[in-house]
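K.L.:
Chains U and S supply the protein sequences, listed in that same order.
Each residue of the first sequence is one higher than the one before, starting from 12 at the first, in this note's numbering.
Each residue of the second sequence is one higher than the one before, starting from 33 at the first, in this note's numbering.
Ideal Cβ placement from N, Cα and C applies to all residues, glycine included.
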Amino acid sequence: MQNKLISDATLVSNYIQGDETSLEILIKRHKQRIFSFIYSKVYDRDVAEDIFQDTFIKVIKTLKRGAYNEEGKFLPWVMRISHNLVIDYFRKNNRMPKFDNSGEFSIFSVLSCDTLNAEKAIIKEQVESDVRRLIDELPEDQKEVLMMRMYNDMSFKEISERTGVSINTALGRMRYALINMRKVIEKHNIILTN
Amino acid sequence: MAKLYSRKNKTEIKMNPKDETISFILSYSKALSVIKYKNMKFEALQN
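#1: Nearest to Tyr26(U) by CA position, among Gln78(S), Thr53(S), Met72(S), Leu64(S), is which residue?
#2: Rounded to whole angstroms, what is the Cα-Cα separation between Val138(U) and Met161(U)?
#3: Looking at Leu96(U): is its Cβ nearer than 7 Å to the Cβ of Thr73(U)?
#4: Measuring alpha carbon to alpha carbon, tell me which of Gly29(U), Glu60(U), Leu37(U), Glu197(U) ends up nearest Thr53(S).
#5: How would you write the range of the beta strand (DSSP E) that Tyr69(S) sits in, first residue to last?
#6: From this set, Thr180(U), Phe46(U), Ala129(U), which residue's C-alpha is nearest Gln153(U)'s C-alpha?
#7: Could you tell me if Arg102(U) is buried or exposed, where buried requires 16 or more neighbouring beta carbons within 10 angstroms of its beta carbon?
#8: Excluding five sequence neighbours on each side, which residues of the same chain lie with their C-beta closer than 6 Å to the C-beta of Glu75(S)?
#9: Going by other Cβ atoms of all chains shown within 10 Å of its Cβ, with 16 needed for buried, is Ile68(U) buried or exposed?
#10: Is there a Cβ from chain U that is less than 7 Å from the Cβ of Ala63(S)?
#11: Give the range of the beta strand (DSSP E) segment to which Met72(S) is assigned.
#12: If Asp19(U) sits next to Lys75(U), beta carbons under 8 Å apart, how far is it from one beta carbon to the other, in whole angstroms?
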């Protein structure tokens with residue numbers, strides 16, 4: 012009953028200062044509304060559980076990083092996060108898997124997947140930093156093409172226009188970038204799987 | 033009498049997440065710490 016008296020804003024600020032029980036109170040207070048909202052969109056209990064979990068992982072990260080501003084209210088903010096994650100879920104499911112047919116692309120699908128548990132989060136971070144380091148080792152022209160294709164999701168036509176080379180050259184640079192990365196991976200026995 | 037539009041929600045679903053999900057979130061929160069160094073922030077997960 013005491014919990015009812017404490018406002019969300021106070022609980023949030025207590026949590027930011029390290030009081031873990033405040034988060035528990037916040038979750039218990041709002042779990043039904045948030046979960047029901049997610050379920051009303053996805054109509055799948057397991058998916059709803061996943062999105063609920065991811066929502067709070069985002070909430071925790073944002074609060075702990077000190078990136079939360081007290082402008083809005085807590086519940087609408089959390090609802091907005093869960094709403095965005097629901098949209099992401101539908102986007103992911105409607106889209107054809109783009110890069111699933113070859114080994115090297117699976118690295119990038121690992122990069123974009125959401126973390127589900129502590130262990131996977133650590134592995135993901137390591138893989139991510141390894142890939143970044145591999146990319147940094149590439150010659151500038153190959154690196155440029157790879158970054159545009161993989162991180163900016165540009166087509167080879169757009170890349171060729173931006174870099175002022177032909178599409179074939181851009182394709183070639185991409186190919187060599189991947190070959191070079193693979194060589195380094197094999198040479199140093201780097202494991203890039205989650 | 034004034035109408036309370038906020039009161040009625042046609043088909044309101046009332047559901048709760050599993051206890052495991054809640055406990056996962058709470059342990060995740062306990063395990064996560066953000067270390068600030070100069071302008072950088074690092075996330076660390078401890079078991």
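P.N.:
According to the structure data:
#1: Leu64(S)
#2: 15 Å
#3: no
#4: Glu60(U)
#5: Judged by DSSP secondary structure, Tyr69(S) falls within the beta strand (DSSP E) whose first and last residues are 64 to 69.
#6: Thr180(U)
#7: An exposed status is given to Arg102(U), since fewer than 16 other beta-carbon atoms sit within 10 Å of its beta-carbon.
#8: Contacts found: Val66.
#9: buried
#10: yes
#11: That run of the beta strand (DSSP E) goes 72 to 77.
#12: Wrong, their Cβ atoms sit about 17 Å apart, outside the cutoff.
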